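Heads up: the protein sequence lines correspond to chains A and S, in order. Letter by letter, the first sequence follows residues 562 to 772 in the numbering used here. Letter by letter, the second sequence follows residues 1154 to 1356 in the numbering used here. We put the CB at the ideal spot given by N, CA and C, even for glycine. Everything numeric in this text was worked out from a predicted model, so none of it was measured. First comes the structure, then the notes that go with it.
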Amino acid sequence: MLILRLHKNLKVPYNMMNEPENNETLVDALKAYGLKQDINRIHKEMMPSLKSSEKNIAPVRSIFRYAGRIAAGILFLVIGTGIFIYFDATPENLFSNKYVPYEESVQRGEAPAAAAIKRKFLEGQKFLNSGDPLKAVLIFSEILRSNTQMPEKILNDDTEFYLALSYLKAEEPSPALPLLQKIHDNTGHLYHDQVSSWYLLKVKIAAWKDK
Amino acid sequence: MAVAPEYSDDELLRLLGSGKAIDNPVKHLYEKYFYVLSSYIEQNQGSREDAEDIFQEVVLTFIDLVRKNKFRGESSVKTFLFAVNRNIWLNELKKRGRQLKRNEKFSVEQPDAEPGVEKMISNREARKQVFNIIESLGEVCKKILLAFYYENLPISEILTRLDYQNEQVVRNKKAKCMKSLEEKFSADPALAQKFKSALQYDE
């Protein structure tokens, strides 16, 4: 009260004479509080429009999220399949997927040359069957060379196919690839149905891994 | 939807730091960052109400730091707001006793966008308590003190807003309100100290 009276007498504003000790902190507190009030006012002003625009955005956003999940699923599937193919594409697997022991057919009155090639072919089959694919490769390659000089090619399609399998059995997918590609491209080839695009892709991967 | 003007980081800092009208810069912050910051809260156990409260605190902290020249500009405004948002929310979760191992790990792994962000906001509890003290002053005191100290209005203009006879009465009322605030404030010396530290963002 004494200070208030003194202030009245001197005509000096009270607050200038009697600033509390913590005035600076209190003023800071008031400024922070005022700012909070201001932000709260703007918040109340902004939220209705933000909420309404969110309603418009939400369906679009959920479509994107849904599409994103599907894309991620597909990507996961593709990557998973790719990894599976990569590890599955081994010459051993490619061989065992396709190898069926050749069944000898009886033909009477064969020409001597044809009979000789057939004997060789069966010999190659024996090597392939007994786990000696390199010898089988030599024999089958020799048959293909002989066939080029023959007026009528004997067991040519069979030899090409089994030569490719012999390469695979010998873990040499690279030389098997052009043979299998040829069989795949030729729809009239006896073993065309055996070499699908999928199988050929796996052989290509195996050849690429072998490089 | 209300469209606030677009500002670059530099313009935003200049406007917020100037202490003048903050409406447009704050609206810009809402339009640009509210969705992303609130999604973080909602994806980490927070409700929409939590997200709105935390966003207001983020904006308050940001402006306060800018005005006290504590925002060093070592990161973009966006990165800084993200860091403040994350820290405030993780503190809030800890306070609520919902210890999220995953979030704590995230918090440790993510370096602060600006050094000392976590420290800067760690005293928000003290700030809340002081705001409650100001609330308890009553409407008239709040009006006078905010008009004078926050809006920097002269007493003559404050008089036009209130039902008082003359400026002197307003001055006296202001002094009484300030005295009352100081008394409430001094009743808890520990709080006063904590708040002083919180306001100054002591590191």
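query, result
"Beta carbon of L587(A) nearer than 9 angstroms to that of L1334(S)", "yes"
"CB contact check: T586(A) to chain S, cutoff 9 angstroms", "yes"
"Closer than 8 angstroms at the beta carbon, the chain A residues around I1287(S)", "A590, L591 and Y594"
"Any C-beta of chain S under 9 angstroms from that of E582(A)", "Only weak support exists for where E582(A) lies, its pLDDT of 47 falling under 50; the value from the coordinates is given anyway. True, the Cβ-Cβ gap to chain S drops below 9 angstroms."
"Test: I1175(S) CB closer than 9 angstroms to a CB of chain A", "yes"
"Within-9 angstroms CB hit, Y1317(S) to chain A", "no"
"Rounded Cβ spacing between E1184(S) and A1157(S) (contact assumed at less than 8 angstroms)", "5 angstroms"
"Euclidean distance between Cα positions of D1142(S) and F1284(S)", "Look at the range of chain S in this structure, 1154 to 1356, and you will see that residue 1142(S) is not part of it."
"Beta-carbon proximity of L1299(S) to Y594(A), cut-off 9 angstroms", "yes"
"K597(A) burial status per 10 Å Cβ neighbour count (16 or more: buried)", "buried"
"N1305(S), DSSP secondary structure in three states", "coil"
"The region 750-764 of chain A touching the region 674-690 of chain A, judged by at least three CB pairs closer than 8 angstroms", "no"
"Min CB distance H604(A) to chain S below 9 angstroms", "yes"
"Cutoff 9 angstroms: I624(A) Cβ touching any chain S Cβ", "no"
"For K1444(S), the three-state DSSP class (helix, strand or coil)", "For residue 1444(S) there is no data in the structure shown, the boundaries of chain S being 1154 and 1356."
"Contacts that R1280(S) makes with chain A (C-beta to C-beta distance below 8 angstroms)", "A593"
"Sequence-distant residues of the same chain with beta carbon closer than 7 angstroms to S1229(S), five excluded per side", "D1162"
"Residue range of the unbroken alpha helix (DSSP H) whose run includes P712(A)", "Premise fails: P712(A) is in no alpha helix (DSSP H) and is neither H nor E."
"Minimum Cβ-Cβ distance from L724(A) to chain S less than 9 angstroms", "no"
"Inter-residue CB distance, I700(A) and E684(A) (contact presumed, cutoff 8 angstroms)", "6 angstroms"
"Cα-Cα separation, V1211(S) to I1175(S)", "15 angstroms"
"CB contact below 9 angstroms: N601(A) versus chain S", "yes"
"Cβ-Cβ distance between S1191(S) and F1208(S) below 9 angstroms", "yes"
"Spatial distance of E1320(S) from N1305(S) (CA atoms)", "15 angstroms"
"Proximal chain S residues relative to K597(A), where beta-carbon distance stays under 8 angstroms", "Q1209, L1213 and F1284"
"CB contact check: L761(A) to chain S, cutoff 9 angstroms", "no"
"Proximal residues of chain A, C-beta to C-beta of D1217(S) below 8 angstroms", "A593 and L596"
"Buried versus exposed, by CB contacts within 10 Å (16 or more), F625(A)", "exposed"
"Beta-carbon gap between Y1193(S) and N1238(S) smaller than 9 angstroms", "yes"
"Short CB-CB distance (under 9 angstroms) between Y1186(S) and chain A", "no"
"Backbone CA spacing between N1325(S) and K612(A) [nearest angstrom]", "45 angstroms"
"Candidates G1250(S), Y1186(S), N1244(S) and L1213(S): closest to F1235(S) by CA position", "Y1186(S)"
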